[in-house]
Each structure stands twice: as C-alpha cells, then as structure tokens.
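J.:
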Amino acid sequence: DLLAKMAHAHATAGEQALARRACEDAMLMIEQLTASRTSRDHELAANAAEAVGEAFMLLSEAHRAKDCFEIAAHHFDDTGNVARAAKARVGLAKALLALHDPSGRAVLEDAGEMFEELGDERNAIAIDLALRQADADFEASPRSFHSSSHMRVAKRVG
Numbered sequence: 005d006l007l008a009k010m011a012h013a014h015a016t017a018g019e020q021a022l023a024r025r026a027c028e029d030a031m032l033m034i035e036q037l038t039a040s041r042t043s044r045d046h047e048l049a050a051n052a053a054e055a056v057g058e059a060f061m062l063l064s065e066a067h068r069a070k071d072c073f074e075i076a077a078h079h080f081d082d083t084g085n086v087a088r089a090a091k092a093r094v095g096l097a098k099a100l101l102a103l104h105d106p107s108g109r110a111v112l113e114d115a116g117e118m119f120e121e122l123g124d125e126r127n128a129i130a131i132d133l134a135l136r137q138a139d140a141d142f143e144a145s146p147r148s149f150h151s152s153s154h155m156r157v158a159k160r161v162g
C-alpha cells in the first residue's frame, strides 16, 4: 500500500519517472498479493490497485489503469463492499472512456446505480454529469467509415 501511495504522490507532483517506477514496483506487489490465499492480502491488493490505477491515469496510461481498477472492482464485489466497488467502477469507467471504449459508459451507469442504492446522492449526481459528458464526447468524435452507410466507394472510370 505504501508503494501505491508513493506512486500516486509522485504522479500528482508531476514526477513521472519516479511515479512510473513506483507503479511498476507496486504492480509486482499487487500480483503477489492477488496470488495469495488470504483475504487480508486480497484486500491489500485491491486497495493498492485502486491507488496505482489513479496514478496510471495521472500518467496518461489508461490501459494500465484499467487493469488496476478491474482488480479492485472484482475484490470489492466479492466482499460485498458496495461503496468501494462503485468507486473502483468510476475509475474503471474513466480509464475505458480515456481509451475511447464506449463500454465505459455502461460501467459508469453501474457505478451510478450502486451509489443510488447506497443513498449517496452526491456521487450519483456526479455520475449523472459524467454520463452527460461521456455522451457529448462520443457524439463529438469522428465516426468510422464502416459505420457510415451513406459513404460508398466509387468505381474508377478509365
């Protein structure tokens, strides 16, 4: 957990090289903890994964953050910690959306529903705003030529 906190602190301070090194070291620790058989080790891994995921997001490494938030979300789902599972899903959704993966929207919706079930109105409203932003971002992005039915390949004459 200390390595994860160091990674996050370095990333927040803009010390990218130190943050990356701490993230790498923390990922090794997380892998070892998740391979353990004790629930305490799994809890430590989930807590560390969440902090390292946030650090990876600050380092613009959403693909690595995604893996971390998935570890955290799975653990908190398994232990029934709805509040922490919802928080991990918010991080996962941000990582997916940063990767332009539209499934991030569904993950964000899940987190919002979890916050609503908990009666956490502040976070539920924040999720609603984030969903609106995600919708706006995806509407503004260019469409693939595969998805445009009005575009046709013209035959060359000659």
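The numbering of the sequence shown is our numbering, which starts it at 5 and goes up by one.
By construction, the Cβ of each residue, glycine as well, lies at the ideal position given by its N, Cα and C atoms.
Predicted, not measured: the structure shown is a model, and the values here were computed from it.
Looking at glycine 84 and cysteine 72, is the spacing between their C-beta atoms short of 8 Å?
T.: No, the pair does not count as a contact, with Cβ atoms beyond the cut-off.
J.: In angstroms, rounded to a whole number, what distance separates the CA positions of alanine 77 and threonine 38?
T.: Roughly 13 Å between the two C-alpha positions.
J.: Let me know the secondary structure DSSP gives asparagine 85 once reduced to three states.
T.: DSSP places asparagine 85 in coil when its eight states are reduced to three.
J.: Quick check: what's the CA-CA separation for arginine 24 versus aspartate 139?
T.: Computed Cα separation, rounded: 31 Å.
J.: Select from Glu47, Ala92, Arg44 the residue whose C-alpha is nearest the C-alpha of alanine 69.
T.: That would be Ala92, whose Cα lies nearest to the Cα of alanine 69.
J.: Using only alpha-carbon positions, find the residue among Asn127, Asp29, Glu121 that is nearest to alanine 3.
T.: This structure cannot settle anything about residue 3, because the visible part of the chain is limited to 5 through 162.
J.: Measure the alpha-carbon distance for leucine 22 versus leucine 103 and round it to whole angstroms.
T.: Their backbone Cα atoms lie some 24 Å apart in a straight line.
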